[in-house]
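The sequence shown: position 70 = 78 (this note's numbering), numbered continuously. Cβ coordinates follow ideal geometry from the N, Cα and C atoms, glycine included. Keep in mind it's a predicted model, so treat the numbers as computed, not measured.
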Amino acid sequence: MTFDAFAEQSAHSFIAEIDEVAAHRGLRFEEAVEAVYDMLEQPWGHAAMRQMVWDNLRDAETAEQEERAAKLRALYKDVCRRYTGHHDRRAESGRDTAPVWH
Numbered sequence: 009m010t011f012d013a014f015a016e017q018s019a020h021s022f023i024a025e026i027d028e029v030a031a032h033r034g035l036r037f038e039e040a041v042e043a044v045y046d047m048l049e050q051p052w053g054h055a056a057m058r059q060m061v062w063d064n065l066r067d068a069e070t071a072e073q074e075e076r077a078a079k080l081r082a083l084y085k086d087v088c089r090r091y092t093g094h095h096d097r098r099a100e101s102g103r104d105t106a107p108v109w110h
C-alpha cells in the first residue's frame, strides 16, 4: 500500500469514527470533532472510542440493520487496532465493557 492510499484510508476511517461519536452522543459533526479530540486526550479516551462504536454496532444489530452492522463490525475492528489504550474508567465500577478485537 502506498503512503497516499494509507493516508486516504486513515482519513476515511477517522471520519467514520467521528460520525459514530456524533451518532452516539447526538452531536453535529463539528461538535463531534471537538469531542473526539478532547476524549482522546484523556487516559480513558481509547476505551471510550471503542465503547461508542461497540454500542452503535450493538444497536444496529438489535435493529436488524445488517448493512450498517457490517460496516460497524469492520470499523470496530479497525478502532480496536488503532486505539489500544486499556484504561477504562467503567471497568473500575464493575460495568460491562466492550471486547477488544485484534
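Under the 10 Å beta carbon count, Tyr84 is surrounded by 16 or more other beta carbons and is classified as buried.
Distances from the alpha-carbon of His54 to those of Gly93, Ala13, Asp12, Thr10 put Gly93 closest.
Taking all protein chains shown into account, Ile26 has 16 or more neighbouring C-beta atoms within 10 Å of its C-beta and is therefore buried. For Trp62, the enclosing alpha helix (DSSP H) has its first and last residue at 53-70. Nearest neighbour of Ala24 by Cα position, chosen from Gln50, Asp12, Val44, Ala71, turns out to be Val44.
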